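For reference, the structure is listed below as structure tokens.
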Amino acid sequence: MEKEKILVYDGSFNGFLTSVFMAFEQKINVINIQRKDEVQKGLFNDTQTILTQVPKAKRVWNGISQRSNLVMKNIYFAFLSETAGIEQLLYSYIQKIVAKGSNNHLDLTDDMAFKINHLANMVSKKKSQMEAFMKFNVSIDGVHYSIAEPEYNLLPLVSKHFRSNFGDRQWIIYDIKRNYGLYYDLHTIQLINMDSKEIYARAGSLSGQFHTNSIEALGLWDTYFSKNSIKSLISNKLHTHQLSKRRREYQEDLEAV
11 MEKEKILVYD GSFNGFLTSV FMAFEQKINV INIQRKDEVQ KGLFNDTQTI LTQVPKAKRV
71 WNGISQRSNL VMKNIYFAFL SETAGIEQLL YSYIQKIVAK GSNNHLDLTD DMAFKINHLA
131 NMVSKKKSQM EAFMKFNVSI DGVHYSIAEP EYNLLPLVSK HFRSNFGDRQ WIIYDIKRNY
191 GLYYDLHTIQ LINMDSKEIY ARAGSLSGQF HTNSIEALGL WDTYFSKNSI KSLISNKLHT
251 HQLSKRRREY QEDLEAV
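In short: position in the sequence shown from 1, add 10, done, that's our numbering.
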């Protein structure tokens, strides 16, 4: 029997789907699937780094789509919960639903299906709350902005809502917990990243050291956005190499799902 392996991916949904594809194609004995920034190697386990390949991710996603739209939603929403061990749970679930003759993918008496459905419902609830209750402030150059630290990775889910309902203005929604945000320029939505240490320093912190789950941190981000020209700040940030890489990953995720 092949030695157990940990698959390491970039953290994107397409990266996860590519990992699933490679596991099936190479008949890998997968013991876990982990983000590259959270890898925990076992004493006797090998790791295999998986490079994201959108065509392979789409093949997995298309296969799942043949089951039902609810299955697709549950898998994607549960993935965005970022719950510990979610990748391995979803991989085992996908193994089950693509197995020949398997028709229990919506059977909530099945433990895996129940857990995934529960996580998806929790994410869906938080998504609805964010869409209903998010409030915007306005920067000195007229950009509407909102600073948040949601429990789950919700920005990929709420972008459509805010573009549809606030399409007549420029806006930013920034997740300080994950240090990325969405910027709508009246035409397209772009992914942005800010330097948190720079934000804290310019907003008045001498040390630049704050926990991003504190009220103080939220206040510093709000102060920074309210007193600076967001348009020029974003224009500069959009030309960095790191941002370009993350923008590609985000756009690729949108293509697959």
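Glycine included, every Cβ here is placed at the ideal spot set by N, Cα and C. Owing to the predicted nature of the structure, the values given are computational and were not obtained by experimental measurement.
Cβ-Cβ distance between residue i and residue j below 7 Å
i	j	result
I202	I244	yes
H154	F143	no
T28	T59	no
Y162	S78	no
G21	R45	yes
I157	L100	no
I43	A88	no
L165	L129	no
M82	Y103	no
E159	K187	yes
V64	V18	no
W181	Y190	no
Through-space distance from residue j to residue i, alpha-carbon basis
i	j	result
F26	S242	35 Å
T57	S239	45 Å
I16	V30	12 Å
N24	W71	9 Å
K135	I183	18 Å
E276	V40	There is simply no residue 276 to check, as the chain begins at 11 and stops at 267 in what is shown.
S236	R69	44 Å
F34	K66	11 Å
D120	L167	27 Å
G152	L230	19 Å
K170	R179	14 Å
L196	Q76	35 Å
Q105	K37	12 Å
F124	L118	5 Å
Q98	M132	19 Å
F176	Y234	23 Å
F172	V148	16 Å
A94	L80	22 Å
Beta strand (DSSP E) segment containing residue i, residue limits
i	result
L27	It is not in any beta strand (DSSP E) - L27 instead sits in the alpha helix (DSSP H) that spans 23-35.
K13	Per DSSP, K13 belongs to no beta strand (DSSP E) and is neither H nor E.
Run of the alpha helix (DSSP H) containing residue i, from where it starts to where it stops
i	result
L90	79-90
L192	Per DSSP, L192 belongs to no alpha helix (DSSP H); it is in the beta strand (DSSP E), 190-194.
What ranges does the beta strand (DSSP E) occupy inside the region 118-188, keeping only unbroken runs of at least 3 residues that lie completely in it? 154-158, 181-185
Quick check for students: name the residue ranges of the alpha helix (DSSP H) that lie wholly in the region 39-77, counting only runs of 4 or more. 64-75
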